[in-house]
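Read through the structure below, which is laid out as structure tokens, and then see the notes.
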Amino acid sequence: MIEYVKTILLKVSFDKKLFEKELKKGLSLLVPSEVQEFKTWCYGTFSNLYGPVLNKHFTQIAA
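For this note's numbering, add 450 to where a residue sits in the sequence shown, where the first one is 1.
Here it is, written out as structure tokens:
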């Protein structure tokens with residue numbers, strides 16, 4: 451499932467609202483053991499574009 455979510459995010463990364471929507475949806479699809487790997491990939495791939503969006507959603511998971 452993680453590869454599917456990564457593919458979707460890569461395809462929608464041109465639009466902030468769509469990216470945020472798909473990130474939220476993708477996080478709900480992942481099992482807890484996949485979340486850390488996904489987080490690392492997201493920050494490595496999108497931190498320059500969407501750092502605040504990533505912080506918002508990954509902070510909510512940790513809380």
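Ideal placement from N, C-alpha and C gives every residue a C-beta, glycine not left out.
To the nearest angstrom, report how far apart residue i and residue j are at their CA atoms.
i	j	result
residue 457	residue 510	23 Å
residue 472	residue 454	11 Å
residue 477	residue 491	13 Å
residue 494	residue 505	13 Å
Could you say which of the options lies nearest to residue i if we only look at CA atoms?
i	options	result
residue 503	467, 487, 460, 490	467
Within its chain, find whatever has a CB closer than 6 Å to the CB of residue i; leave out the 5 residues flanking it on each side and keep chain order.
i	result
residue 463	469
residue 487	none
residue 475	none
residue 508	489
For residue i, collect the residues of the same chain with a Cβ closer than 8 Å to its Cβ; drop the 5 residues on either side in sequence, then sort them by chain order.
i	result
residue 485	477, 511
Buried or exposed: where does residue i fall if 16 or more other Cβ atoms within 10 Å of its Cβ makes it buried?
i	result
residue 459	buried
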